[in-house]
Ligand code: GDD
Ligand code: MN
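Structure representation (structure tokens):
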């Protein structure tokens, strides 16, 4: 029987949880034709091999293994895009979400009472059994408030990563999704072209018993970036925004290094040193933040760094070239000439870095 429900399970280093997850789905969804798709980002602990082992024995289980890619949101998107069922759901692979509410979520959608069903910690009956640290709670509450301010509909738990919707609705929204960071549900709610009717089903967020959380500072930054991107109406691509901010940090680094080295070296030497330090810092930051999902490692990292120097070198030449052209013809004053050169360099560096260095 073809599945009517695809449950997408993003996994990174969840080898210890995969088998239990499959058993629990089986127990939670009697009488429902379901399939599960584990989406693994080539976890070093062999998550994919375990999922494939299950899949070899149970045709309801599938596994997508992505190589050279990372990211919770994009993993969920690719899992949902691989579905042919009427409904798609996303649930964490670490057993923290309560799979026993899946039938209720499905019932809400099938009865047409909602466009999207959300597993919620913040409605009557829901909660978190995990002792969140007070810092994490405050960050989580702050994020929830920020998200709610932007959302066109009332959602008590917009930060949830546990939800279900008709596949057709997901597919219609998919082209507008940023696919970055952790907050795939929020991305969907903000990207839909109409107000979605939401049904929140309470559940209690369980403590993690195996493996560890992948939430870190960069994930928080990506959350802020997602909100920014959506409130700007997607006018500036997120990656470009991140690249530009990193670039601004690079300028600061450059000035600081220059002001130190110039004390014991001639200007030209100091300028070279500052340029190299700034480019290296920029490369490192971009690799960690801007291109986190396609992060370079090992030998590819050094090749990327070398290429980045070359790209920025050309950018610098173009910068000076354009600025002096504008100046020579006396078209504009030096400020505008300088700004035009810098803008051109920024766009050039971004475009070429995105395609050649990181292949994003
Ligand atoms: N494929 C893939 N790639 N999976 C990932 C990645 C990744 O880069 N990062 C995390 N995951 C998987 C984890 O293996 C886990 O199954 C799930 O995504 C959630 O990651 P955690 O690191 O356990 O996140 P959390 O517990 O802090 O928060 C989760 O639960 C919250 C409450 O519903 C997230 O899903 C939040 O979005 C959610 O709000
Ligand atoms: Mn978790």
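In my numbering, the protein residues as written are 9 to 368. Cβ atoms here follow ideal geometry from the backbone N, Cα and C, with glycine treated the same way.
- In this structure the segment 108-122 lies against the segment 201-219, because at least three pairs of beta carbons, one per stretch, are closer than 8 Å.
- By the Cβ-count criterion, residue 96 is buried, with 16 or more other Cβ atoms from all chains shown falling within 10 Å of its own Cβ.
- Taking C-alpha positions only, residue 91 is separated from residue 302 by approximately 24 Å.
- For residue 362, the closest C-alpha among the options 56, 248, 172, 305 is that of 248.
- Just measuring C-alpha positions, the residue of 13, 75, 300, 296 sitting nearest residue 37 is 13.
- Across the structure, residue 199 and residue 225 are spaced so that their CA atoms are roughly 24 Å apart.
- With contacts defined as CB atoms closer than 7 Å, residue 188 and residue 132 fail to qualify as a contacting pair.
- A distance of 7 Å or more separates the beta carbons of residue 258 and residue 294.
- Here residue 329 is not near residue 356, since their CB atoms are 7 Å or more apart.
- Where residue 9 is concerned, there is no enclosing beta strand (DSSP E), because DSSP gives it neither an H nor an E.
- In the DSSP assignment, residue 48 falls within the beta strand (DSSP E) that extends over 42-48.
- Each of 100, 102, 104, 216, 221 has a C-beta closer than 6 Å to some heavy atom of the ligand MN; these make up the full list, in chain order.
- Assignment of residue 317 by DSSP, reduced to helix, strand and coil, places it in the helix class.
- Scanning its chain for C-beta atoms nearer than 6 Å, with the 5 sequence neighbours on each side dropped, one finds around residue 173 the residues 124, in chain order.
- Between residue 17 and residue 343, the alpha-carbon positions lie close to 53 Å from each other.
- Sequence-distant Cβ neighbours of residue 130 in its own chain, meaning closer than 7 Å and more than five residues away, are 164, 165.
- Taking the Cα positions, residue 298 is about 28 Å away from residue 141.
- Residue 90 sits in coil when the DSSP states are folded into three classes, being neither helix nor strand.
- Between residue 318 and the set 364, 306, 281, 336, the nearest pair of CA atoms involves 364.
- Less than 7 Å separates the beta-carbon of residue 192 from that of residue 81.
- Taking residue 54 as the centre and dropping the five residues before and after it, the same chain places the C-beta of 23 closer than 7 Å to its C-beta, in chain order.
- Distance from the CA atom of residue 292 to the CA atom of residue 308, rounded to whole angstroms, is 13 Å.
- Ranking 194, 190, 25, 170 by CA distance to the CA of residue 181 puts 194 first.
- If you ignore the 5 residues before and after residue 76, its C-beta comes within less than 8 Å of the C-beta of 50, 302, all in its own chain and listed in chain order.
- A direct Cα-Cα distance of roughly 35 Å separates residue 310 from residue 26.
- Relative to the ligand GDD, residue 284 has its C-beta separated by 6 Å or more from all heavy atoms.
- Using a C-beta cut-off of 8 Å, the segment 215-222 makes contact with the segment 101-111, since at least three inter-stretch Cβ pairs fall below that distance.
- Under the three-state reduction of DSSP output, residue 99 falls in the coil class, being neither helix nor strand.
- Residues of the same chain with a CB within less than 7 Å of the CB of residue 227, apart from the 5 flanking positions on each side, are 189, 190 in chain order.
- Taking 8 Å as the upper bound for CB-CB distance, residue 261 and residue 269 are not in contact here, some 12 Å apart.
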